[in-house]
Amino acid sequence: MFAYPKQAEFNGAVPKTKIYAHARPSKRVKELFVAQVGEILWKYKLSRETIKLPPRNGINEIQVFEIALRTPQLDPAVLQAIDKAVPFPLVFQLTYDGQVRFAASWKRPSEADASKWVIEASFQTEPQPLDTERPPLPVALDLAGLYEQIVRRHIPLSPRPGEGIADHVDRYNALVAKRKAQQQLEARLAQEKQFNRKVELNAQLRELATELASLQH
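Counting with the working numbering, you get residues 56 to 272 for the letters of the sequence shown.
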């Protein structure tokens with residue numbers, strides 16, 4: 056996604072056992088870790104010390120993890136476990152067979168417990184060649200502003216003029232929920248035999264289509 060500055064390099068190994076200790080994943084998620092994840096490397100640390108941007112809104116640093124995958128896909132539950140284990144904003148570079156995907160979550164400090172973070176939504180890009188040229192980091196006044204811009208680049212939905220990051224994420228979440236509801240209605244319609252029920256379901260689908268169009272723009 057970005058060409059991170061040389062001075063931000065950290066290159067520290069992240070043991071899976073440390074993730075397990077903090078995230079306490081289920082047996083199924085641990086099995087996914089073993090099957091899908093090779094090495095986890097803390098690749099970059101974006102902070103006041105490394106990129107000269109001050110903290111704001113509880114964001115003191117942004118960490119970039121590079122994960123060498125054993126499979127083409129990574130289950131979202133694995134990324135969520137890693138995100139849960141690390142009390143800082145995280146950006147991921149997921150590498151496999153000469154390709155890389157980028158992932159990020161919009162997370163914020165919990166209002167009830169400042170030591171914990173709340174994950175509002177997670178995003179993942181399509182794969183691209185590892186040697187694809189990457190742009191520099193976005194210009195920002197502080198780490199919170201930088202984090203917002205980084206996350207926005209991962210959201211597969213264009214922001215509206217003047218739309219804040221929280222509203223942008225909420226609209227994306229609403230869009231995902233409406234698409235899921237649309238798929239469920241379409242499945243019900245395909246199985247429905249009664250004409251009157253088909254008319255009702257088609258009306259609901261038209262209403263959903265209008266709502267989806269509104270959310271996309």
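We treat Cβ as the ideally placed atom computed from N, Cα and C, and that holds for glycine.
From a predicted model like this one, the values you see are computed outputs, not experimental measurements.
Every alpha helix (DSSP H) stretch that sits fully inside the segment 78–165 and reaches 4 residues is listed by chain position as 82–91, 103–106, 131–140.
The criterion of a C-beta distance shorter than 8 angstroms is not satisfied by Leu96 and Ala58. As computed with DSSP, Glu64 is found in a beta bridge with Tyr99. The three-state secondary structure of Val194, taken from DSSP, is coil. For Leu124, the closest alpha carbon among the candidates Leu87, Leu270, Tyr99, Asn112 is that of Leu87. Fewer than three beta-carbon pairs drawn from the segment 191–199 and the segment 160–180 are found closer than 8 angstroms, and the two stretches are therefore not classed as touching. The beta-carbon distance between Ala140 and Ala78, rounded to whole angstroms, is 4 angstroms. This is short enough to meet the 8 angstroms contact definition.
The way I'd put it, the segment 136–155 doesn't touch the segment 229–236; fewer than three beta-carbon pairs between them come closer than 8 angstroms. Excluding five sequence positions before and after Trp172, the CB atoms of its chain that fall closer than 7 angstroms to its own CB belong to Pro142, Lys162, Arg163, Pro164, Ser165, given in chain order. Closest in alpha carbon position to Glu241, among Pro216, Lys71, Glu255, Ala158, is Glu255.
If you keep only unbroken alpha helix (DSSP H) runs of at least 4 residues inside the segment 191–232, you get 198–209.
Asp138 places its beta carbon less than 8 angstroms from that of Ser160. For the pair Val119 and Tyr151, the CB atoms are not nearer than the 8 angstroms cut-off.
In the DSSP assignment, Ala169 falls outside any alpha helix (DSSP H) and carries neither an H nor an E.
In the three-state DSSP reduction, Phe57 falls in the coil class, being neither helix nor strand. For Pro216 against Arg207, the beta-carbon gap comes to about 13 angstroms, at or over 8 angstroms, which does not count as contact. Under the DSSP assignment, Glu266 falls in the alpha helix (DSSP H) whose first and last residues are 250–271. Residue nearest to Gly219 within the set Gly200, Arg261, Leu101 is Gly200 (criterion: CA-CA distance). Residue burial annotation: Ser102 is buried, with at least 16 other C-beta atoms found within 10 angstroms of its C-beta. Under the criterion of beta carbons closer than 8 angstroms, His209 and Phe157 qualify as touching, at roughly 6 angstroms. Cβ neighbours of Gly113 within its own chain (closer than 6 angstroms, five residues either side excluded): Pro164. When the Cα atoms are used, Glu104 and Ile205 turn out to be separated by approximately 19 angstroms.
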